[in-house]
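*Asks:* The opening residue of the sequence shown carries number 12 in our numbering; numbering runs sequentially from there.
Here you go, one structure.
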Amino acid sequence: MNMKLVFATNNIHKVREASEILGKGFEIVTPAQLGITEDIPETGNSLRANSQQKADYIYQKTGLDCFADDSGLEVDILGGAPGVETARYAGPEKNPSANIAKLLLEMARREMEASFARELGIDTPHATRKARFRTCVTLIIGGKKHFFDGCMEGKIGRKLYGNGGFGYDPIFISEGRDVTAAELTEDEKNAISHRGNALRAMAAFLNE
Numbered sequence: 012m013n014m015k016l017v018f019a020t021n022n023i024h025k026v027r028e029a030s031e032i033l034g035k036g037f038e039i040v041t042p043a044q045l046g047i048t049e050d051i052p053e054t055g056n057s058l059r060a061n062s063q064q065k066a067d068y069i070y071q072k073t074g075l076d077c078f079a080d081d082s083g084l085e086v087d088i089l090g091g092a093p094g095v096e097t098a099r100y101a102g103p104e105k106n107p108s109a110n111i112a113k114l115l116l117e118m119a120r121r122e123m124e125a126s127f128a129r130e131l132g133i134d135t136p137h138a139t140r141k142a143r144f145r146t147c148v149t150l151i152i153g154g155k156k157h158f159f160d161g162c163m164e165g166k167i168g169r170k171l172y173g174n175g176g177f178g179y180d181p182i183f184i185s186e187g188r189d190v191t192a193a194e195l196t197e198d199e200k201n202a203i204s205h206r207g208n209a210l211r212a213m214a215a216f217l218n219e
């Protein structure tokens, strides 16, 4: 008998990834399939807070076992931004192209500022394009909460490459790779992704 879990998202990419990682024995249901079509609140000041808020919302609405994730991109040269604002970096429309354009523009501006500072004799470290994706998953089983974290280290490229993936994938190059996340196959990306790491930890817990 399959264990039914409501995943607090209507993003088909996330649902497919979760289904593949959890595997047989689990049935993933979306809020839309249960008639919940409104936007789920995300007003927390951290990935865990947002993840917990979304899971709580679904659990209070349905009473069913559920899980939610929140992910963020942290770029060192931007002091960890966009962070919890990753999806809304360029505005509430959550437009991936606009988000990428703003990120590359902000990074270029910071790199230029650092370069000018060095020309003036100010000891400014060379800009790094190092970045990472983080995910926090909140699982509610029988009313009890459990948290699982995942991370994927890498860097931000200067141009967009690849047609796969979603979000910032066309400019994110994971550690040890020379192609963007958008150039990886779905299986390759799932094997190393931040969300994949968090979901694998959750799957291990559920299978115990």
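Idealized CB from N, CA, C, for every residue including glycine.
As the structure is a computational prediction, the values presented were derived from the model and not from experiment.
Tell me, please, whether the region 62-69 touches the region 144-154 by the rule of three or more beta-carbon pairs shorter than 8 Å.
*Replies:* Touching, yes, given that three or more Cβ pairs across the two stretches are closer than 8 Å.
*Asks:* Where does Leu217 sit, in a helix, a strand or coil, going by DSSP?
*Replies:* Taking the sequence shown and counting its residues from 1, one reaches residue 217 at position 206. Correct three-state label for Leu217: helix.
*Asks:* Taking only the alpha-carbon atoms, compute the straight-line gap between Asp189 and Tyr179 and give it to the nearest angstrom.
*Replies:* Residue mapping note: residue 189 aligns to position 178 of the sequence shown, counting from 1. Residue mapping note: residue 179 aligns to position 168 of the sequence shown, counting from 1. Computed Cα separation, rounded: 16 Å.
*Asks:* Work out the CA separation of Asp81 and Asn218 for me, nearest whole Å.
*Replies:* Indexing the sequence shown from 1 puts residue 218 at position 207. Indexing the sequence shown from 1 puts residue 81 at position 70. Each residue's alpha carbon lies about 22 Å from the other.
*Asks:* Leaving out the 5 sequence neighbours to the left and right, which residues in its chain are closer than 8 Å to Ile111 when beta-carbon positions are compared?
*Replies:* Locating residue 111 in the sequence shown gives position 100, counting from the first residue. The answer, listed in chain order, is Leu171, Tyr179, Pro181, Ile182.
*Asks:* Classify Ala202 as buried or exposed, calling it buried when 16 or more other Cβ atoms lie within 10 Å of its own Cβ.
*Replies:* Here residue 202 is taken as the residue at index 191 of the sequence shown, counted from 1. Classification for Ala202: exposed.
*Asks:* Please classify Leu75: is it buried, with 16 or more other beta-carbons within 10 angstroms of its beta-carbon, or exposed?
*Replies:* In the sequence shown, the residue the question calls residue 75 occupies position 64. Counting Cβ neighbours within 10 Å, Leu75 comes out exposed, since fewer than 16 surround it.
*Asks:* Sorted by chain position, which residues of the same chain lie with C-beta nearer than 7 Å to Lys56's C-beta, five sequence neighbours on each side aside?
*Replies:* Position 45 of the sequence shown holds residue 56. Here residue 56 is Asn; the residue named in the question, Lys, does not match the sequence. Closer than 7 Å at the Cβ level, and outside the excluded window around Asn56, lie Val95.
*Asks:* Measuring straight from C-alpha to C-alpha, what distance separates Ile69 and Val17?
*Replies:* If you number the sequence shown from 1, residue 69 lands on position 58. If you number the sequence shown from 1, residue 17 lands on position 6. Their Cα atoms are separated by approximately 8 Å.
*Asks:* The beta strand (DSSP E) spanning Ala142 covers which residue range?
*Replies:* Within the sequence shown, residue 142 is the residue found at index 131, counting from 1. Its beta strand (DSSP E) spans residues 141-152.
*Asks:* Hey, how far is the Cα of Phe159 from the Cα of Leu131?
*Replies:* Walking along the sequence shown from the start, residue 159 turns up at place 148. Walking along the sequence shown from the start, residue 131 turns up at place 120. Between Phe159 and Leu131, the C-alpha separation is close to 46 Å.
*Asks:* Can you tell me whether Glu104 is helix, strand or coil according to DSSP?
*Replies:* Counting from one through the sequence shown, the residue named residue 104 turns up at place 93. Coil, per DSSP.
*Asks:* Report the three-state DSSP secondary structure of Glu85 (helix, strand or coil).
*Replies:* Your numbering for residue 85 matches position 74 in the sequence shown. Strand.
*Asks:* Give the DSSP-derived three-state secondary structure of Leu33 in the structure shown.
*Replies:* Numbered from its first residue, the sequence shown carries residue 33 at position 22. Looking at Leu33 - three-state DSSP - the assignment turns out to be helix.
*Asks:* Quick check on Lys166: does DSSP put it in helix, strand or coil?
*Replies:* Here residue 166 is taken as the residue at index 155 of the sequence shown, counted from 1. Strand at Lys166.
*Asks:* Around the Cβ of Met123, are there at least 16 other Cβ atoms within 10 angstroms (buried) or fewer (exposed)?
*Replies:* What you label residue 123 is simply residue 112 of the sequence shown in a count that begins at 1. Burial call: exposed.
*Asks:* Are there 16 or more other CB atoms within 10 angstroms of the CB of Cys77, so buried, or fewer, so exposed?
*Replies:* Residue mapping note: residue 77 aligns to position 66 of the sequence shown, counting from 1. Classification of Cys77: buried, given that the 10 Å Cβ count is 16 or more.
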